[in-house]
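The block underneath contains the structure these notes are about, expressed in structure tokens.
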Amino acid sequence: MKQKLVNYRTVVFNLSKCGLPAILTCLLIFQAKAQYRFDNVLYGAAYYHEYMPSSRLDEDIRMMKEADLTVVRVGESTWSLFEPQEGIFEFAWMDTILNKMHAAGIKVILGTPTYSIPAWMAHKYPEVLAAHTGGRKAYYGIRQNMDITNPIYRKLSERVIRKMMEHFAKHPAVIGFQVDNEVEARGINNPGYFQGFVDYIKKKFNGDLKLLNKEWGLNYWGMNINTWDEFYPRDGVTNPSYKNEWERYNRYRVAEFLNWQVDIVNEYKRKDQFVTHCFMPSFQNIDQPESFRQMQYPAINVYHDVQDGQNGQFIAYSGDYMRTVAKGNYLITETNAQATGWDAKNQKPPYDGQLRQNVFAHLASGANMVEYWHWHTLHYGQETYWRGILGQDLQPNRIYKEFAATAKELKHIGKDLVNLKKENKVAILFSHDSYHALSFMPYTDKDHYPSGFVHRALYNQNIESDIVPCDEQADFSKYKMLVIPPLYVASDRLLEKIDEFVKNGGYVVMLYKSGYTNEHSAVRATLAPGPLRKAAGFYYQEYANIPALSLKKSAFGLSGKEISEWYEFLIPETAKPLAYADHPFYGKWPVITENNYGKGKLVYIGTYPSQELLEKIVLQTAKDAGVTTVANNYRFPIIVRSGKNQSGKTIHYIFNYSNKSQMVNNPYPGGSELLSGHQTGKEIALDAWDVKVISE
Numbered sequence: 001m002k003q004k005l006v007n008y009r010t011v012v013f014n015l016s017k018c019g020l021p022a023i024l025t026c027l028l029i030f031q032a033k034a035q036y037r038f039d040n041v042l043y044g045a046a047y048y049h050e051y052m053p054s055s056r057l058d059e060d061i062r063m064m065k066e067a068d069l070t071v072v073r074v075g076e077s078t079w080s081l082f083e084p085q086e087g088i089f090e091f092a093w094m095d096t097i098l099n100k101m102h103a104a105g106i107k108v109i110l111g112t113p114t115y116s117i118p119a120w121m122a123h124k125y126p127e128v129l130a131a132h133t134g135g136r137k138a139y140y141g142i143r144q145n146m147d148i149t150n151p152i153y154r155k156l157s158e159r160v161i162r163k164m165m166e167h168f169a170k171h172p173a174v175i176g177f178q179v180d181n182e183v184e185a186r187g188i189n190n191p192g193y194f195q196g197f198v199d200y201i202k203k204k205f206n207g208d209l210k211l212l213n214k215e216w217g218l219n220y221w222g223m224n225i226n227t228w229d230e231f232y233p234r235d236g237v238t239n240p241s242y243k244n245e246w247e248r249y250n251r252y253r254v255a256e257f258l259n260w261q262v263d264i265v266n267e268y269k270r271k272d273q274f275v276t277h278c279f280m281p282s283f284q285n286i287d288q289p290e291s292f293r294q295m296q297y298p299a300i301n302v303y304h305d306v307q308d309g310q311n312g313q314f315i316a317y318s319g320d321y322m323r324t325v326a327k328g329n330y331l332i333t334e335t336n337a338q339a340t341g342w343d344a345k346n347q348k349p350p351y352d353g354q355l356r357q358n359v360f361a362h363l364a365s366g367a368n369m370v371e372y373w374h375w376h377t378l379h380y381g382q383e384t385y386w387r388g389i390l391g392q393d394l395q396p397n398r399i400y401k402e403f404a405a406t407a408k409e410l411k412h413i414g415k416d417l418v419n420l421k422k423e424n425k426v427a428i429l430f431s432h433d434s435y436h437a438l439s440f441m442p443y444t445d446k447d448h449y450p451s452g453f454v455h456r457a458l459y460n461q462n463i464e465s466d467i468v469p470c471d472e473q474a475d476f477s478k479y480k481m482l483v484i485p486p487l488y489v490a491s492d493r494l495l496e497k498i499d500e501f502v503k504n505g506g507y508v509v510m511l512y513k514s515g516y517t518n519e520h521s522a523v524r525a526t527l528a529p530g531p532l533r534k535a536a537g538f539y540y541q542e543y544a545n546i547p548a549l550s551l552k553k554s555a556f557g558l559s560g561k562e563i564s565e566w567y568e569f570l571i572p573e574t575a576k577p578l579a580y581a582d583h584p585f586y587g588k589w590p591v592i593t594e595n596n597y598g599k600g601k602l603v604y605i606g607t608y609p610s611q612e613l614l615e616k617i618v619l620q621t622a623k624d625a626g627v628t629t630v631a632n633n634y635r636f637p638i639i640v641r642s643g644k645n646q647s648g649k650t651i652h653y654i655f656n657y658s659n660k661s662q663m664v665n666n667p668y669p670g671g672s673e674l675l676s677g678h679q680t681g682k683e684i685a686l687d688a689w690d691v692k693v694i695s696e
């Protein structure tokens, strides 16, 4: 992965006779080459030598090299060591780590340590600690306990970031920088943070309080705001519009904080270094497109079920979202090594083969790096039972051996797997606003915004999808089919875009409550589903909470209780009824319809469907849309994931998510199996928790 930095002055001189267009073209090419590029998969772990009970850096590096580990992540948790006293900086301890990693050929991602403040800061500047709703306040003794907008915190953060970048940016071991760690607003409600919200609302409504009162419906209970000084804090608010805008503001502040850090790092980093941040898959709490705007390779921390619960679906869900908003490849900075947990109640280490299988599952979604949290298991602290590759005895073990075996495979075939590109024809629209608004006005004790449930209906049937955030009216015109969880909050423009998508030949499966409120979480004063009425081909005026019910005449070939929670009394205009509840009252109205509209079709589900019912509807719509492939001949536990590698070859991953060996017909008989190097035959034998990687 050695990169050469270009002397642009020489390039321009040599091209001066070629004309301006040629010069600009070549400069763009050279600029692109100066960025960091993966030529193989990276595989490693977070490494904290400062957490070790005794000095063993050389021994750790020896074990890493023996296991073919290629990358470590360091530094994001130890502001107190980089700056043990205010204004006094100590970097020599990290120099030793970086120098020895570089000598061993191990690449390093260095983190800014701003998510865990030192004790001297909390003691001297207690105002940096977060205040929460209801008068609660954060105390020192845990990470992420600060107000990320506090000016003192920002000043001290900027100083330590600049000092670190001045010292470490040119170090040859460092391939990239991680800004902060798992950032979210985390309930910040300090006076300064609230004043920032007021300023944000002023700007959004152009200082027009009359408009604000109207759009939010603040006449209700006489809660009008008549001067900006009267703007009341979040603590006691019941108004859904206010609460939804507060969540948008939280996402805005997180994105602003991250971009602020990236701006600083960009002043120092080399062209061949990248900037990243490791996000949790709590996608509803972050404005991902804005947060990722300056990041070449954003990262995600994915923790998932193992043992009998291992199915790969959460890995795929997380990757399908991250890949879309990153507009390409991404990194895994944390995932399960052994058991996880802030206590000892869930100590479930992976079965043999599952660690390896999960690595390939990440790569199959477009990850270019997989790192574990972490190299060794801690001997103290809150995460004593969040176990790493090594146990607390620090000796080679079963997980270490499986890591090493997997690393050797990646060393052999990683060049064929890195930089995977996927061109899916199906997308799930994800609405941050609807997630929060439905939690403010819950209608069920089940998952109120079942985006993972929707994804599972596709995943189980090997219909690959992207997950597209739609609050900012993202472009989804390149897809042939959309599956839409309850789009409860949506602007007229977003709904009109969905209307246009169907009219122009797109196929849509849409769930209940969609189109019911506008972008302010206020119910439209029109017949539901508002601007979707023509595309949906129905309207409705009533709805009800229902128990689990069956469908009349075993619709879709199902005879169980396939619907529950919610029932909309759909009145078809042009839509064709597909199913009714088997109930003397609710059964008067269809609850699933399809409507041919323009060149496309919209299938609407006005109830909470069972997994089996949703899968039936999704698969039939996919067939109608012409997006099914040979992979759809298989279903879970056989999962197929595909993409094109950097050489233009199609790579297929075939997973067996079960504890039994499986013999399956080979969907790609003309390919070669990369792990074994053999041509594939008519059948493929998959061991328990196995994966085959086929190139064609």
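By the count of our numbering, the sequence shown reaches residue 696 at its end, each step adding exactly one. Virtual Cβ for every residue (Gly too), placed ideally from N, Cα, C.
Residues near residue i by beta carbon distance below 6 Å, same chain, minus five either side
i: residue 153; result: 128 and 146
i: residue 585; result: none
i: residue 349; result: 338 and 339
i: residue 111; result: 75, 76 and 178
i: residue 387; result: 338, 339 and 377
i: residue 492; result: 531
i: residue 685; result: 663
Three-state class that DSSP yields for residue i in the structure shown
i: residue 291; result: helix
i: residue 172; result: coil
i: residue 679; result: strand
i: residue 465; result: coil
i: residue 377; result: coil
i: residue 687; result: coil
i: residue 481; result: strand
i: residue 350; result: coil
i: residue 67; result: coil
i: residue 212; result: helix
i: residue 356; result: helix
i: residue 553; result: helix
i: residue 649; result: coil
i: residue 237; result: coil
i: residue 579; result: strand
i: residue 265; result: helix
i: residue 184; result: coil
i: residue 93; result: helix
i: residue 665; result: strand
i: residue 423; result: coil
i: residue 521; result: coil
i: residue 309; result: helix
Beta carbon of residue i nearer than 9 Å to that of residue j
i: residue 637; j: residue 657; result: yes
i: residue 634; j: residue 462; result: yes
i: residue 578; j: residue 556; result: yes
i: residue 173; j: residue 102; result: yes
i: residue 436; j: residue 288; result: no
i: residue 506; j: residue 622; result: no
i: residue 49; j: residue 57; result: yes
i: residue 373; j: residue 402; result: no
i: residue 114; j: residue 261; result: yes
8 Å Cβ shell around residue i - same chain, five flanking residues per side excluded
i: residue 516; result: 488, 523, 524, 528, 529 and 530
i: residue 682; result: 665, 666 and 669
i: residue 7; result: Because the pLDDT of residue 7 is 34, which lies under 50, any placement of that residue in the model is unreliable, and the number read from its coordinates should be weighed accordingly. Closer than 8 Å at Cβ, skipping near neighbours: no residue.
i: residue 196; result: 149, 249 and 253
Residues sharing a beta bridge with residue i, DSSP
i: residue 331; result: 299 and 369
i: residue 511; result: 605
i: residue 673; result: 678 and 694
i: residue 572; result: 538
i: residue 437; result: In the DSSP output, where bridge partners are listed per residue, residue 437 has none listed.
i: residue 470; result: In DSSP, residue 470 forms no bridge with anything.
i: residue 162; result: Answer is none; residue 162 lacks a bridge partner.
i: residue 766; result: Any question about residue 766 goes unanswered here, given that the chain covers just 1 to 696.
Nonlocal neighbours in the same chain, by C-beta distance under 7 Å from residue i, ignoring five residues either side
i: residue 695; result: 416, 649, 651, 671, 672 and 674
i: residue 582; result: 549, 550, 551 and 552
**Report entry** Segments assigned alpha helix (DSSP H), at least 4 residues, entirely inside the segment 589 to 630
**Finding:** 611 to 625
Exercise. Note down, one range per segment and in chain order, each beta strand (DSSP E) of at least 3 residues found wholly within the segment 98 to 146.
Key: 107 to 111
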